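In the numbering used here, the protein residues as written are 6 to 312. Data first, discussion second: the structure below is written as structure tokens.
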Ligand code: 3PG
């Protein structure tokens with residue numbers, strides 16, 4: 006079978022070597038399309054692929070139409086909002102993710118961004134410490150759990166709200182489970198976002214919610230830009246000059262944020278959360294193994310689309 010790794014943001018070389026080894030040992034052939042500059046290149050590359058490994062690469066109906074012999078797409082990572090699941094199902098294509106494989110990397114970056122924000126973006130002025138401050142984890146999945154673990158090392162008071170995760174699962178980690186997002190934002194000095202981008206969550210981080218944060222509140226986004234209501238966050242930050250926003254996913258309105266909120270806003274130029282050798286190896290090799298298992302035994306563990 007032909008397995009294509011299509012990554013606009015390439016994996017570390019060591020991860021690609023590991024993926025190649027897995028794929029070739031299983032008797033398949035690997036091709037690479039990295040840092041492609043146009044969708045046309047992707048459309049051409051998928052033509053003869055039986056399997057594709059992607060990251061945040063957009064796999065829409067047009068790509069799936071072009072991929073005439075495609076059987077499986079594995080998103081090496083957690084969020085699969087970049088794949089048109091309905092179109093994949095209509096094409097008889099299996100879509101999987103690799104949950105948990107890059108979550109420590111994302112959690113560590115959330116703290117990198119928090120420290121940067123409380124130390125005033127390293128501008129030489131006196132900042133504050135994370136120790137003793139209240140951290141709110143918005144969604145308690147794989148990344149949220151890692152954030153909780155690290156937060157304890159910093160000596161933070163840790164709270165979480167998750168609409169789907171049972172309270173006892175959160176509380177067994179020594180984290181205080183709150184009943185609503187409103188409560189989380191009202192209580193916490195720092196809120197770290199770990200919600201997926203879904204129809205329900207898009208634009209849900211809005212003026213009213215973030216305005217509940219106490220004075221000096223910091224919002225950290227290593228999740229998705231789509232969950233933020235950017236126009237409302239801009240309006241709020243204009244009113245509340247005490248708030249800071251740090252994000253690993255550049256907002257559509259990045260220019261506005263940068264000009265208006267200098268000293269209170271930072272965005273990475275490209276999503277860096279999962280960009281470590283370890284996360285690339287873990288997620289990339291998991292993806293390769295899932296593909297090998299799919300072709301060998303028809304294993305569909307971690308399938309995320311309907312049949
Ligand atoms: C994920 O959903 O796994 C993370 O957002 C990482 O995405 P990336 O593979 O595009 O860095």
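Backbone N, C-alpha and C fix where the C-beta goes; we use that ideal spot for every residue, glycine too. Please read these numbers as outputs of a predicted model, since none were measured by experiment.
8 Å Cβ cutoff met for residue i and residue j
i: residue 214; j: residue 250; result: no
i: residue 278; j: residue 110; result: yes
i: residue 76; j: residue 98; result: yes
i: residue 232; j: residue 90; result: no
i: residue 118; j: residue 135; result: no
i: residue 87; j: residue 57; result: no
i: residue 178; j: residue 150; result: yes
i: residue 265; j: residue 239; result: yes
i: residue 66; j: residue 92; result: yes
i: residue 40; j: residue 62; result: no
i: residue 312; j: residue 94; result: yes
i: residue 252; j: residue 226; result: yes
i: residue 276; j: residue 296; result: no
i: residue 124; j: residue 195; result: no
Boundaries of the alpha helix (DSSP H) in which residue i is found, first to last residue
i: residue 24; result: 18 to 30
i: residue 198; result: Note, residue 198: premise wrong, no alpha helix (DSSP H); beta strand (DSSP E) at 195 to 198.
i: residue 150; result: 147 to 159
i: residue 174; result: 172 to 176
i: residue 4; result: Because the chain in this structure spans residues 6 to 312, residue 4 falls outside the shown range and cannot be described.
i: residue 48; result: 44 to 50
i: residue 13; result: Residue 13 -> no alpha helix (DSSP H), and no H or E assigned at all.
i: residue 263; result: 259 to 265
Whole-angstrom C-beta distance between residue j and residue i, which should lie under 8 Å
i: residue 108; j: residue 148; result: 4 Å
i: residue 175; j: residue 187; result: Actually they do not touch by this definition, with Cβ atoms about 17 Å apart.
i: residue 272; j: residue 256; result: 7 Å
i: residue 142; j: residue 164; result: 7 Å
i: residue 220; j: residue 190; result: The Cβ separation is near 13 Å, so there is no contact.
i: residue 27; j: residue 290; result: 6 Å
i: residue 102; j: residue 71; result: About 22 Å separates the two Cβ atoms, so there is no contact after all.
i: residue 106; j: residue 284; result: 7 Å
i: residue 47; j: residue 21; result: That pair is no contact at about 18 Å.
i: residue 152; j: residue 112; result: 5 Å
Separation of residue j from residue i, as counted between CA atoms
i: residue 161; j: residue 140; result: 6 Å
i: residue 263; j: residue 270; result: 7 Å
i: residue 35; j: residue 25; result: 6 Å
i: residue 198; j: residue 100; result: 25 Å
i: residue 53; j: residue 146; result: 36 Å
i: residue 32; j: residue 6; result: 8 Å
i: residue 68; j: residue 8; result: 15 Å
i: residue 23; j: residue 286; result: 7 Å
i: residue 18; j: residue 114; result: 21 Å
i: residue 247; j: residue 236; result: 18 Å
i: residue 201; j: residue 258; result: 20 Å
i: residue 45; j: residue 127; result: 42 Å
i: residue 260; j: residue 306; result: 42 Å
i: residue 245; j: residue 211; result: 14 Å
i: residue 15; j: residue 288; result: 12 Å
i: residue 104; j: residue 116; result: 21 Å
i: residue 274; j: residue 230; result: 13 Å
i: residue 280; j: residue 228; result: 14 Å
i: residue 203; j: residue 169; result: 14 Å
Beta bridge counterpart(s) of residue i as assigned by DSSP
i: residue 224; result: 196, 250
i: residue 125; result: Residue 125 is not bridged to any residue.
i: residue 35; result: 8
i: residue 88; result: 64
i: residue 77; result: 56, 99
i: residue 233; result: 210
i: residue 181; result: 164
i: residue 308; result: 101
Residue i: first and last residue of the uninterrupted beta strand (DSSP E) it sits in
i: residue 139; result: 139 to 143
i: residue 101; result: 99 to 102
i: residue 165; result: 162 to 166
i: residue 271; result: 270 to 272
i: residue 57; result: 56 to 59
Residue i beta carbon near ligand 2 (any heavy atom closer than 7 Å)
i: residue 289; result: Absence of ligand 2 from the depicted structure is noted, with ligand 1 being the only ligands included.
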